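See below for the structure under consideration.
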Amino acid sequence: MAEPLSEEMRLAAASAAALVGGIAGTWTVRAIARRFGIVNKPNPIVPQHTRPVAYLGGVGAGIGIACGALALWLLPRSAAETGSAIGAFSAMAVAGPGLLFLILGVWDDLVAFKPAPKFVLQACVAALAVALGVWHPLTGIGIVDRVIAWFWITTLVNAFNFTDVCDGLLGSLSVVMFVAIGLTHPELGPLAFVVAAASAGFLVFNRPPATIFLGDAGSHLLGFLAAVLTLAGMGMVMKVGGLGQVFQAGLLVAVPAFELTFLTIVRIRKGLAWWRGSPDHFSLRLQAGGFTRRQTDLIACTFAAAFAGGAYLVPTVGTTGRVALAAGALALSLVGAGFLLRWEVKPKPKPAPAAEAVAG
37 MAEPLSEEMR LAAASAAALV GGIAGTWTVR AIARRFGIVN KPNPIVPQHT
87 RPVAYLGGVG AGIGIACGAL ALWLLPRSAA ETGSAIGAFS AMAVAGPGLL
137 FLILGVWDDL VAFKPAPKFV LQACVAALAV ALGVWHPLTG IGIVDRVIAW
187 FWITTLVNAF NFTDVCDGLL GSLSVVMFVA IGLTHPELGP LAFVVAAASA
237 GFLVFNRPPA TIFLGDAGSH LLGFLAAVLT LAGMGMVMKV GGLGQVFQAG
287 LLVAVPAFEL TFLTIVRIRK GLAWWRGSPD HFSLRLQAGG FTRRQTDLIA
337 CTFAAAFAGG AYLVPTVGTT GRVALAAGAL ALSLVGAGFL LRWEVKPKPK
387 PAPAAEAVAG
């Protein structure tokens, strides 16, 4: 029987497998997407998107996650690390719905669902996850806690989806956020670091200028895994109470949550349906303000790291400290929103119509 590895070596090996799997998987998927014309055509609300780019990068990231998870399962572990649960959730309760979210995202990338049927399908997969046990006893009222978990899952899936409109943005944010989850909740480190490593592997091809996009396949999978890990993390900080648990979870995914909130408010103020596409994403507004795509990614990751630092502190401070953290997070968000509102994204100029031939 193989000697068990130290937890550090096991995590390092699994993360390496996820990184290599993410690189190889994304390269392979990109080649397939190009071969069969599975590309994202230029989007009129994204100024830098001027040429077709391969889709389905989320499948490549998913391959990396699968490689890392397989390594975690196969590598010998100590007697104290015999389980395969993710916090209070079974591995199958996470893997099954996670795969379904990936498939749903691929399907949407290929056929482009309308908002209503897309949300219904998301809601069904989220409900399945809750039925399999992915929920946290936040209030002590079972039905209420299950509804909260369902809402949290569907919200984060859509928040991650809305954020993914800039080369390298959601991939780099995922690296920061999942590393932060692993550091904040060491018991969740194995899966969190694997997801971060797979996201880094995908970034090799998605960094600006991207040669493959994450697509709904990736945003759905990563959003679901972030929801799972933050729900699991709530059960690991019992001493801060329900509000403290939700606050910490929100800080860990603050940038996608900000994106969803900011977009919803701005679109409603403009008289638009909140789910309809518009160039009001924070990343597009930053670029309208003169920042490059790389600078936009760096700014977003810096904010994500700052919020994650606050999440790490939540269990270590008292009520007064948590109120101060909340006030600081709110102030930072409001100041950021104020700057973003200064920069409107100008629509792409429409190409001039071709001159008609003159008979003569």
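The sequence shown begins at 37 in our numbering and counts up one residue at a time.
Ideal Cβ positions, reconstructed from N, Cα and C, are used throughout, including at glycine.
Just so we're clear, the structure is a prediction, and the values are computed from it rather than from any experiment.
{"Check": "Under 9 Å between C-beta atoms of Ala-50 and Gly-104", "Outcome": "yes"}
{"Check": "Nearest-angstrom Cβ-Cβ length linking Arg-330 and Gln-323, presumed shorter than 8 Å", "Outcome": "No, Arg-330 and Gln-323 are not in contact; Cβ-Cβ is about 11 Å, not under 8 Å."}
{"Check": "Chain B contact for Phe-327 (CB, 9 Å cutoff)", "Outcome": "The chain labelled as chain B is not found in the depicted structure, where only one protein chain is given."}
{"Check": "As assigned by DSSP and simplified to three states, the class of Phe-249", "Outcome": "coil"}
{"Check": "Three-state class that DSSP yields for Ala-293 in the structure shown", "Outcome": "helix"}
{"Check": "Where Ala-124 falls: helix, strand or coil (DSSP)", "Outcome": "coil"}
{"Check": "Sub-9 Å separation of Ser-235 and Gly-357 beta-carbons", "Outcome": "no"}
{"Check": "Contact set for Ala-390: own chain, Cβ-Cβ below 6 Å, skip 5 residues either direction", "Outcome": "Only weak support exists for where Ala-390 lies, its pLDDT of 49 falling under 50; the coordinates are left without a value."}
{"Check": "8 Å CB neighbourhood of Leu-239 in its chain, flanking five on each side removed", "Outcome": "Gly-204, Gly-207, Ser-208, Val-211"}
{"Check": "DSSP state of Ala-90 mapped onto helix, strand, coil", "Outcome": "strand"}
{"Check": "Straight-line gap, Ala-54 to Ala-102 (C-alpha atoms, nearest Å)", "Outcome": "7 Å"}
{"Check": "Val-201 - DSSP class collapsed to helix/strand/coil", "Outcome": "coil"}
{"Check": "Selected residue, minimal CA-CA separation from Val-95, among Val-130, Ala-67, Ala-253", "Outcome": "Ala-253"}
{"Check": "Asp-316 beta carbon less than 9 Å from that of Leu-299", "Outcome": "yes"}
{"Check": "Exposed unless 16 or more other CB atoms sit within 10 angstroms - verdict on Thr-352", "Outcome": "exposed"}
{"Check": "Candidates Gly-372, Lys-150, Ala-347: closest to Leu-361 by CA position", "Outcome": "Ala-347"}
{"Check": "Cutoff 6 Å; reference Asp-200; Cβ partners in own chain excluding five residues on either side", "Outcome": "Leu-206, Leu-250, Ser-255"}
{"Check": "Straight-line Cα distance separating Ile-184 from Val-75", "Outcome": "36 Å"}
{"Check": "Given Gly-364 as reference, the closest of Gly-98, Phe-229, Leu-377, Ala-290 once Cα atoms are compared", "Outcome": "Ala-290"}
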